[in-house]
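Protein chains: 2
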Amino acid sequence: MHKRTARKHHEFALIDKYWRAANYLSVGQIYLYENPLLRRCLEASDVKPRLLGHWGTTPGLNFVYAHLNRVIKHHDLNMIFVTGPGHGGPAVVANTYLEGTYSKVYPEIPQNEQGIQKLFKQFSFPGGIPSHASAQTPGSINEGGELGYALFHAYGAAFDNPGLIVACVVGDGEAETGPMATSWHSNKFLNPKTDGVVLPILHLNGFKIANPSILARIGHNELRKLFEGYGYKPYFVEGDQPEEMHRLMAKTLDKAISDIQAIKKKSKNEDSPKRPSWPMIVLRTPKGWTGPERVDHKPSVGSFHSHQVPFSEVHENPEHLKLLANWLASYKPEELFDNEGKLFDEIASMAPSEQRCMGANKHANGGILLRELDLPAYQDYAVSIKKHGAPFISSTGELGKYLAAVMQRNQGHFRVFCPDELLSNRLGALFTVTDRQWMGENHPNDEHMSTQGGVMEILSEHACEGWLEGYLLTGRHGLFACYEAFIHIIDSMLNQHAKWLKECRDIPWREPISSLNILLTSHVWRQDHNGFSHQDPGFMDHVANKKPEIVRIYLPADANTLITVADHCLRSRDLINVIVAGKQPQQQWLDMESSTAHAKAGASIWKWASNDDGNPDVVIASAGEIPALESLAAVSILKKHLPQLKVRYVNVVDLMSLLPKEIHPHGLSDLLFDDLFTTDKPVIFAFHGYPGLIHRFAYNRTNHHNFHVYGFQEEGTTTTPFDMVVLNRLDRFNLVKSVLRRMPDPETYTELNTLMDSKLSEHSQYIAEHGEDMPEIQEWIWEN
Amino acid sequence: MHKRTARKHHEFALIDKYWRAANYLSVGQIYLYENPLLRRCLEASDVKPRLLGHWGTTPGLNFVYAHLNRVIKHHDLNMIFVTGPGHGGPAVVANTYLEGTYSKVYPEIPQNEQGIQKLFKQFSFPGGIPSHASAQTPGSINEGGELGYALFHAYGAAFDNPGLIVACVVGDGEAETGPMATSWHSNKFLNPKTDGVVLPILHLNGFKIANPSILARIGHNELRKLFEGYGYKPYFVEGDQPEEMHRLMAKTLDKAISDIQAIKKKSKNEDSPKRPSWPMIVLRTPKGWTGPERVDHKPSVGSFHSHQVPFSEVHENPEHLKLLANWLASYKPEELFDNEGKLFDEIASMAPSEQRCMGANKHANGGILLRELDLPAYQDYAVSIKKHGAPFISSTGELGKYLAAVMQRNQGHFRVFCPDELLSNRLGALFTVTDRQWMGENHPNDEHMSTQGGVMEILSEHACEGWLEGYLLTGRHGLFACYEAFIHIIDSMLNQHAKWLKECRDIPWREPISSLNILLTSHVWRQDHNGFSHQDPGFMDHVANKKPEIVRIYLPADANTLITVADHCLRSRDLINVIVAGKQPQQQWLDMESSTAHAKAGASIWKWASNDDGNPDVVIASAGEIPALESLAAVSILKKHLPQLKVRYVNVVDLMSLLPKEIHPHGLSDLLFDDLFTTDKPVIFAFHGYPGLIHRFAYNRTNHHNFHVYGFQEEGTTTTPFDMVVLNRLDRFNLVKSVLRRMPDPETYTELNTLMDSKLSEHSQYIAEHGEDMPEIQEWIWEN
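Residue numbers (the UniProt record's numbering), protein chains in the order written: chain S, 1 to 784; chain G, 1 to 784.
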């Protein structure tokens, strides 16, 4: 045997042992409670009472991890590991334990027999760790419970990280999800020079929970074409014989790394590098590989029956106990762990150096690398308020100027993500300082496209959210701007990110990361042109269900408030901030100083609009841009026609301020709440969203029974802007009528009530004839 | 010139005229208010005051529609048209008008000049029609406002419709969405013998709102491979010269239809046909094709600037008025419409016969074709209740037996859709009568897979929802069974379907369709093993925001109630029914007769569990399986330890019954509500979901201030089932404590309170040591 061949042979033998050790630790986590290293015969009492976890995907993940370790060492790579098939939690736990990271972040679980016993016990055990790759798992930036977002997270991590390689295992189950199916296209946005690299490894083990998987069942030819069509260079590693598979995987990974290095090298000398064919690997191994061939006369390896715990009833069934003992023994733990229960040094040497371990890589605990944003003084972007109501300009348009300044100062660690709506959302000022990043082909009619830029646009809310999450989790900053109605597309992704953030609060070694900032515009009240399909303000309801410590909802009524809120959100950590703001030209109300004070208070009386002298007859309140407009117009009508009526106007910008102080950190005390809304006067509340949310927030406030909330009632269509509010009874005329109904002697106000009715008829007639709102509506300005 | 060539030449000339007519009518819809056929010089006052709509994709859609008409006529095809790029609403309106369908369903818009004027005016006009393909559009089964679901709808329509061809245009913008990216894989589920055909037409016009599109910018080679990889046989039709494009499109469509017919013919003689390579077409035409080349010195055709209204300010800018006049004139309306404003007969003859018109095809108004389900007597599937609490069995397991009977009697118009969870959700009884339909490769270890079956499983909630919607909209029945947490993945799809159903209530020619039935199981309270990522009951909140007439939410607490509710839902029309039920073995409470009465009432007192004699000291209420268990266990503790306390137990199965009668058709009157919940006694309410939902529903009920609601508070992790409820204070011990706190003299009950505290400590200690719940919890049974 040649020296080189012998060296390789020895290396593969050690990798095989490393893999066996990881497999052993994985089975142990699923099954064992005591006797972790089989120092004595396995007994039923050594086995956990409740068997949980997923075996099927685990040996494949262990195989990949061991081989990535090899190339990291050979090439001194800066690499992180994204585990798409997150149910394979035992694998990432086992590997980060073997490499030493686990014991460093969890010193109570040392690298010895006692540590292994604890490692086993805690898995899927009360007070222990989840069965999926999760926030608790060192090296993870992807919660593996809900499937489909791994590759987005991987690409998000790679943007602006030119030295990083993100290895991302994609399960053939999750490959069927919509988000994953489009995430392969992320390569059309990755700049080989200024970004990092994503190395996708599609792991075909053939089955999901109980079904075959599509990609494992379309034949080699279609599969190859599919990934070539996605723009990758696929390498296939297929088989079930460990020895042969080690050789093949090592060779293939060497080739892939060499491709990557060649691409990176070539791009170094290019100003505008072309999109390369990045390598990807298709790894086809049997589901439950190395597990028991058959269980109870049914196939286990290579069958969906090995998806979760391949067999249970170990306490009751001696055959199963024997099966487990033989299975565990098949990995020969005595060849892997020394007397103390520590991995033999020679095997342990297969792991990379401490700083190169994938579990310890700082990019996977992005808060460590977080650089503060260099933020401009937001006051410099203040809209000068000529009088309350003027000028008449787009709030997001003004925000765009501020964001452009943020972008200019923070290129390389701040990005804006948007599903093809950036210009539509009036944030175009960003293009004065940056472009959209784009590696597709170019066309003379393209505008603002470049191989490098701070704006990411793709017609996929999933991609925007997933990329941004990956970008944030690796220590950078960003903003997702979206049409309000279609943000529901990522409801479920938001859940998972909120859960991740909540979990991190209890994980001391996870450093704070920048908040997830979502700007919702093109909102329900200005989708009169696109119609009902574009009208839904319910994302706030969804967000409000998340843990109060994590979530914030802001409804700035004008540009200055929007800018001060944006500044606040960009500075925050570990939160989900949702800002709802209009893009259409609108009246501007507050100067920057007042805006800032108002946003800080969360909700406050706008004294210039009120005439109540501390003792109102009625409170008109609102949250949101259009509700503010209609409320103020209603106030204005009341002041004109009923000057004796004492009206207070309250604006709510921080929706969470309505919640009790005990429930949300931004909640107003009952005292402050009662100061604003009184304890006994009617409150006519105009809300941007569904009225139920206000009731849900305020139901146990003193004066809640006097709250009359108007908001979106699913009465939407293609019509005029003002008709949208009329259809939902949120317009100035109906708000006035609502006030009058609540007055002690409503019959006193018949005249004004009739006037309001006639205004409403006039409106309906006018739009039917002219297709636009009456001039008095279009041109209304605050005059009091 | 040969006779045949001349004939073709003439045919193409007529098709071109037809296309020009459709383009003319499209531009007219966007721009014109008066002077619809340019009988006089165009004046500014002829133009709408507010210009709305999307031109960019429209001429391509018109081109496709005209050519599909040609093959329908040539081959007498039964074809419907799904418009993915729904923003091209003007196109489908124009075409259904030209073919005559529009005037049939909307007689107020006849085929003459006056009709055209109305057609133009109503478009995106108050009181008119939306700018997207929508429920109002004859022939449409896809709302075009939110993108990404067209191909799912197309496949859903094709399942079990062997004689139907569904032509589906996919825009290159929406092709970037996750759902669309995976929907191409639907061909792995389509049986060429027993299902219909989907002919996808990918329309590359190169740009989205303001960005290039990915698929238009990856080169011909990658694009071809991508679709070959997806398993299709792609044909390319690319160009911008009408004459050449007509020739090419006709030839290509002939080829595609001939491929389809060959596949269908071959499959006729096969028991288990193999998956064929279905044809698909890639149509590449310039965005805004045939529109103005340049506007204000900027390119328009072939640029994103033509995405919406290519130019506005027609009233103010005479150049623009001239541009519009020339553009309209370029279609030569005088060659298209006769003196009355009717399409010349020879051109009109290019449309198919009345019954073959795509706008009039009955499959696109599925209610017409709806066959009632042949439902078994659900009473035959009753669980025999030995005593309250027994037997201890899985509720969805029992439902599965009933569903199997439904499936057996209704093969061919009833399907169950599930994201790889059918067995996990314990609905496996279905496999005694059917299989999963699957056209991928087979493996010896597969189970319950067949080329034809009533169960559709793919790991994509989007696919399940989208297919089912398409299946329902074409007049069939179905059920979507899903893990509760991950149903949020389709939140946005649900919005669009709910909007569709609401709109249809005002469209007299749309016949009622079968309801969308969603079964949520593997719910939050039994995801202790999968952990926090799998715990979210918030879909109910999302659904509750939809129009009350459309939505229903049921929380059956046992198998019999589940079965009676399911029977009710399967019989309903035009609704969205959400049923939340457990799959784990559980106590069974009600016999079938009581269940049915209870479900009909919506909420009722369970007298056998109460001892209040009509005048309770406290009401314990619950909605949901686990809340019922914990509530009843709390009742049982109270009865044992405080026999003098009069406790009433109320179970809520129809969540909407809590809403006021005026708001929801299922809402209880205040009288009935007060009868159940009293007007002054403490109500301890254990709820399956987030507590806020109960407050939002019940806030204006008499006794609401006495409601103390317990539910999911985002306190989830990997733990035991009982610990999940303890973490969220929904457990029996905390419920008892909550009752005691609300008693007039709480200090009287210190002993029981202390006992509850010690039980809680005992629980925590036990699970930390044993990893499972105390035997007294696991084995608790109702004994009173």
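Virtual Cβ for every residue (Gly too), placed ideally from N, Cα, C.
Query                                                                                                                                                             : Result
Give me the Cα-Cα distance between His307 (chain S) and Lys583 (chain S), rounded to the nearest whole angstrom.                                                  : 49 Å
What residue does the alpha helix (DSSP H) around Phe685 (chain S) start on, and which one ends it?                                                               : Per DSSP, Phe685 (chain S) belongs to no alpha helix (DSSP H); it is in the beta strand (DSSP E), 683-687.
Considering only the alpha carbon of each residue, which of G:Pro627, G:Leu204, G:Gln114 lies closest to Leu32 (chain G)?                                         : G:Gln114
Counting beta carbon pairs with one atom in the stretch 177-190 of chain G and one in the stretch 212-231 of chain G, are three or more of them shorter than 8 Å? : yes
Starting from Lys233 (chain G), follow its DSSP beta bridges and name the residues at the other end.                                                              : G:Pro279
Is there contact between the stretch 346-361 of chain G and the stretch 8-21 of chain G, where contact requires at least three CB pairs shorter than 8 Å?         : yes
According to DSSP, is His704 (chain S) helix, strand or coil?                                                                                                     : helix
Which residue comes first and which comes last in the alpha helix (DSSP H) that contains Ile260 (chain S)?                                                        : 242-268
My output table needs one value for Cys464 (chain S): the three-state DSSP class, helix, strand or coil.                                                          : helix
Kindly indicate the opening and closing residues of the beta strand (DSSP E) around Gln411 (chain S).                                                             : That residue, Gln411 (chain S), is in no beta strand (DSSP E); it is neither H nor E in DSSP.
Is it the case that the Cβ atoms of Ala603 (chain G) and Thr564 (chain G) are separated by a distance below 8 Å?                                                  : no
Tell me Glu238 (chain G)'s beta-bridge partners as DSSP assigns them.                                                                                             : G:Arg284
Three or more C-beta pairs closer than 8 Å, one from the stretch 56-72 of chain S and one from the stretch 87-103 of chain S: is that the case here?              : yes
Give the residues of chain G in contact with Thr182 (chain S), contact being defined as C-beta atoms less than 7 Å apart.                                         : Glu176, Thr177, Gly178, Ala181
Thinking C-beta only, is Trp438 (chain S) closer than 8 Å to Met449 (chain S)?                                                                                    : yes
Hey, could you find the ends of the alpha helix (DSSP H) residue 786 (chain G) is sitting in?                                                                     : Look at the range of chain G in this structure, 1 to 784, and you will see that residue 786 (chain G) is not part of it.
Would Leu52 (chain S) pass as an interface residue toward chain G - the criterion being a Cβ-Cβ separation below 8 Å?                                             : yes
Roughly how many angstroms lie between the CA atoms of Thr561 (chain G) and Pro107 (chain S), to the nearest whole one?                                           : 51 Å
Taking the straight line between their C-alpha atoms, what separation do you get for residue 795 (chain S) and Met245 (chain S)?                                  : Any question about residue 795 (chain S) goes unanswered here, given that chain S covers just 1 to 784.
Taking only three categories from DSSP, how would you classify Phe159 (chain G)?                                                                                  : coil
For chain G, is any of its Cβ atoms less than 8 Å away from the one on Gln261 (chain S)?                                                                          : no
Going straight from the alpha carbon of Ala623 (chain S) to that of Ser515 (chain S), what length do you get?                                                     : 23 Å
Are the CB atoms of Trp313 (chain S) and His305 (chain S) nearer to each other than 8 Å?                                                                          : Here residue 313 (chain S) is Glu; the residue named in the question, Trp, does not match the sequence. Their beta carbons are not under 8 Å apart, which means Glu313 (chain S) does not touch His305 (chain S) by this criterion.
Should Thr451 (chain S) and Asn191 (chain S) be called a contact, given that it needs their Cβ atoms to be closer than 8 Å?                                       : yes
In angstroms with no decimal places, state the Cα-to-Cα distance between Ile109 (chain G) and Thr718 (chain S).                                                   : 19 Å
Are the Cβ atoms of Ile579 (chain G) and Leu519 (chain G) separated by less than 8 Å?                                                                             : yes
Have a look at Pro310 (chain S) and Ser330 (chain S) and give me their C-alpha separation to the nearest angstrom.                                                : 16 Å
If you pair each beta-carbon of the stretch 709-724 of chain S with each one of the stretch 522-532 of chain S, do three or more pairs fall below 8 Å?            : yes
List the DSSP bridge partners of Asn651 (chain S).                                                                                                                : S:Ser604, S:Ser622
Buried or exposed: Gln355 (chain S), going by 16 or more other Cβ atoms within 10 Å of its Cβ?                                                                    : exposed
So what does DSSP say about Leu516 (chain S), is it helix, strand or coil?                                                                                        : strand
Give me the Cα-Cα distance between Lys8 (chain G) and Leu77 (chain G), rounded to the nearest whole angstrom.                                                     : 20 Å
So Asp654 (chain G) and Tyr554 (chain G) are supposed to be a Cβ contact under 8 Å. How far apart are they, rounded?                                              : 6 Å
Who are the Cβ neighbours of Leu202 (chain S) in its own chain at under 6 Å, not counting the five residues just before and after it?                             : Val170, Val282
Am I right that Lys208 (chain G) and Asp271 (chain S) are in contact with their C-beta atoms under 8 Å? What's the rounded C-beta distance?                       : Going by Cβ atoms, the distance from Lys208 (chain G) to Asp271 (chain S) rounds to 27 Å, so no, they are not a contact pair.
Under 8 Å between C-beta atoms, does His220 (chain S) make it to chain G?                                                                                         : no
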